[in-house]
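Participant:
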Ligand code: NCD
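Numbering (the numbering used here), first residue to last: 240 to 556.
This is the structure:
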């Protein structure tokens, strides 16, 4: 029997739980590696992760994140086992604790990708796991691989990650993608964040305090139209329905910001429009034809960035 079933996690295992696990040199390394995978399909033919097994354990819905991780592992020559509906279709529905589930799955697989509705779930899982945990979203906590693929896309399209004015728009209180992205952008000099949200959905103080410490210029706005005229990146997000306790509140706020062709006329020509997707009604479909609309390219880049993350963790552990 494998030790991993019996022993607590080894202290030295490296995980990817939050932006804190990514310093600037590591970010640069991962983005460069992702670029290599994007440019050279033959590198994938070498099957560097052959013989390794990835488990994807998803307690919340996902299309892009889960499938891009699975595609990334398969393209690197590894294999995948998956619980895509883990809250209702796994032993969690019988009351098994996350910690017990992780301890067992860590005995089957070499890496675990976890999405869970509770903030801190991935960090808890890491404490119980003898293999690397990758946080694919912990409630309104963090989503570090999304933030990495966002950086990759910005660098790809604008050529740099510093001295940018980036507008983060929507549900900044619950949006884990923007929480992680803001902290990663804070590692590059000269960036300014324009935080556009209704007063009820402002970015939480835990992130704000750290952004101030990082020396980022910060501007808060409630009116999207006033905010877009001098942006390099317009990063639109959804209002996170599953995080609201009162449905009427969600209904009141869900369409507060829409990107349509009229708004795009205000966005500078050199700028780009991003969205972690799904976009629901937050971007009018006719905007897709605009060359500045980067969200489908952004989703596609998730494949290469996740290949880089899986490769790094395999080598680092
Ligand atoms: C996001 C998520 O689930 O955190 N989607 C994604 O991973 N691309 C954003 C969202 O659901 O709005």
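Even glycine gets a Cβ: it sits at the ideal position worked out from N, Cα and C.
Everything numeric in this text was worked out from a predicted model, so none of it was measured.
So within the segment 381-408, which uninterrupted beta strand (DSSP E) runs reach at least 3 residues, ignoring any that extend past its ends?
Facilitator: 404-408
Participant: Mind checking whether the beta-carbon of residue 497 lies closer than 6 Å to any heavy atom of ligand 1?
Facilitator: no
Participant: In terms of DSSP beta bridges, what is residue 460 paired with?
Facilitator: 435
Participant: Are there any heavy atoms of ligand 2 lying less than 6 Å away from the beta-carbon of residue 258, as far as the coordinates show?
Facilitator: Ligand 2 is absent from the structure shown, which contains only ligand 1.
Participant: Which whole runs of the beta strand (DSSP E) in the segment 304-336 are 3 residues long or more, in chain order?
Facilitator: 318-322
Participant: Would you say residue 542 and residue 312 are within 7 Å of each other, going by their C-beta atoms?
Facilitator: No; because the gap between Cβ atoms is not below 7 Å, this pair is not in contact.
Participant: Is it the case that the CB of residue 515 approaches a heavy atom of ligand 1 more closely than 6 Å?
Facilitator: Taken from the Cβ of residue 515, at least one heavy atom of ligand 1 lies inside 6 Å.
Participant: Measuring straight from C-alpha to C-alpha, what distance separates residue 320 and residue 461?
Facilitator: 44 Å
Participant: Who pairs with residue 373 in a beta bridge, going by DSSP?
Facilitator: Partner(s): 255 and 352.
Participant: In the DSSP output, which residue or residues are listed as bridge partners for residue 511?
Facilitator: As DSSP reads the structure, residue 511 sits in a beta bridge with 472.
Participant: Select from 314, 267 and 486 the residue whose C-alpha is nearest the C-alpha of residue 284.
Facilitator: 314
Participant: Give the DSSP-derived three-state secondary structure of residue 484 in the structure shown.
Facilitator: It is coil, neither helix nor strand.
Participant: Using a 10 Å radius around the Cβ and a threshold of 16 neighbouring Cβ atoms, would you call residue 255 buried or exposed?
Facilitator: Around the beta carbon of residue 255, a 10 Å sphere encloses 16 or more other beta carbons of the protein chains shown; the residue is thus reported as buried.
Participant: Take the Cβ of residue 259 as the centre, count every other Cβ of all protein chains shown within 10 Å, and call the residue buried at 16 or more, exposed below.
Facilitator: Within a 10 Å sphere around the beta-carbon of residue 259 sit fewer than 16 other beta-carbons, which makes this residue exposed.
Participant: One question on the structure: do residue 355 and residue 339 come within less than 7 Å of each other, judged by their Cβ atoms?
Facilitator: In this structure, residue 355 lies away from residue 339, with their beta-carbon atoms at least 7 Å apart.
Participant: Considering Cα atoms alone, identify which of 498, 402 and 410 is closest to residue 454.
Facilitator: 402
Participant: Work out the CA separation of residue 359 and residue 552 for me, nearest whole Å.
Facilitator: So the two alpha carbons sit approximately 20 Å from each other.
Participant: Keeping to the same chain, check which residues put their C-beta closer than 6 Å to that of residue 557; ignore five residues upstream and five downstream.
Facilitator: In the structure as shown, the chain starts at 240 and stops at 556, and residue 557 therefore has no counterpart that could be examined.
Participant: Measuring straight from C-alpha to C-alpha, what distance separates residue 346 and residue 368?
Facilitator: 9 Å
Participant: In terms of residue numbering, what span does the beta strand (DSSP E) encompassing residue 360 cover?
Facilitator: From DSSP, residue 360 is part of no beta strand (DSSP E) but of the alpha helix (DSSP H) over 360-367.
Participant: Do you know offhand how far residue 502's Cα is from residue 381's?
Facilitator: So the two alpha carbons sit approximately 29 Å from each other.
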